[in-house]
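Be aware that the sequence shown starts at 44, since it is given in the numbering used here, and climbs by one per residue.
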Amino acid sequence: MLYVKEMPACLLYKEEGDGATIKVENTFAMLDSLIEMIRNEQTTTTIRVDNRFDDRLEDYTTRTVQTHYLTTLTDICHPQYQPRPCFCELPWFNFESLGYNGVSIVSSHIASRMNNTLTILNQTNQRLDIAVIEATMHKH
Numbered sequence: 044m045l046y047v048k049e050m051p052a053c054l055l056y057k058e059e060g061d062g063a064t065i066k067v068e069n070t071f072a073m074l075d076s077l078i079e080m081i082r083n084e085q086t087t088t089t090i091r092v093d094n095r096f097d098d099r100l101e102d103y104t105t106r107t108v109q110t111h112y113l114t115t116l117t118d119i120c121h122p123q124y125q126p127r128p129c130f131c132e133l134p135w136f137n138f139e140s141l142g143y144n145g146v147s148i149v150s151s152h153i154a155s156r157m158n159n160t161l162t163i164l165n166q167t168n169q170r171l172d173i174a175v176i177e178a179t180m181h182k183h
């Protein structure tokens, strides 16, 4: 089970929240804790989250969350990288096809940024960890 040590008690339904949002510093502490958990696992982790929202209609959504931990230059959408992220099969995988010129293929962009960072890193006393977290939502 996923345990994020910095998760505020109100998000775990253990106590009342003090507002509609959480503090920015709590958000970054939660992300740091999540990335530390991903780093310690060093495998692809898949989580399934089901939500039910009641207003005038009952809405059910399912979200698949996958984490990918990278320490070496890797194209995570390459057919030999398994399990591949779900976004590798989605239409927005290539941003250029949507008219955006800043990023083309998402996995190539990640690999390029990783490569650029590795070239300026002092690898004798520094390391680069990349945590890719993707969430795909399905409405029922």
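Glycine included, each C-beta is placed from N, C-alpha and C at the ideal position.
Under the DSSP definition of a beta bridge, which residues are partnered with residue i?
i           : result
residue 109 : 89 and 177
residue 103 : 95
residue 137 : 148
residue 182 : 104
Residue i by DSSP, collapsed to three states: which one?
i           : result
residue 119 : coil
residue 65  : coil
residue 158 : helix
residue 82  : helix
residue 75  : helix
residue 132 : helix
So the candidates are the options; which of them puts its Cα closest to the Cα of residue i?
i           : options               : result
residue 179 : 147, 61, 110 and 121  : 110
residue 159 : 171, 84 and 127       : 171
residue 107 : 90, 113 and 144       : 90
residue 67  : 79, 51 and 165        : 51
residue 112 : 95, 153, 148 and 93   : 153
residue 149 : 128, 167, 103 and 169 : 128
residue 126 : 181, 182 and 175      : 175
To the nearest angstrom, how far is it from the Cα of residue i to the Cα of residue j?
i           : j           : result
residue 58  : residue 105 : 25 angstroms
residue 173 : residue 61  : 33 angstroms
residue 131 : residue 122 : 10 angstroms
residue 133 : residue 70  : 28 angstroms
residue 161 : residue 141 : 29 angstroms
residue 65  : residue 78  : 19 angstroms
residue 54  : residue 81  : 20 angstroms
residue 147 : residue 93  : 32 angstroms
residue 44  : residue 124 : Because residue 44 sits at a pLDDT of 42, beneath the cut-off of 50, its placement in the model cannot be relied upon, and the following sentence gives the value as read from the coordinates. Straight-line Cα distance between these residues: approximately 24 angstroms.
residue 145 : residue 95  : 36 angstroms
residue 177 : residue 137 : 16 angstroms
The stretch 146 to 162 / the stretch 76 to 89 touching (three or more Cβ pairs under 8 angstroms): no
Three-pair Cβ contact test at 8 angstroms for the stretch 59 to 78 versus the stretch 115 to 131: As far as the Cβ criterion goes, the stretch 59 to 78 does not touch the stretch 115 to 131, which means the pair count is below three.
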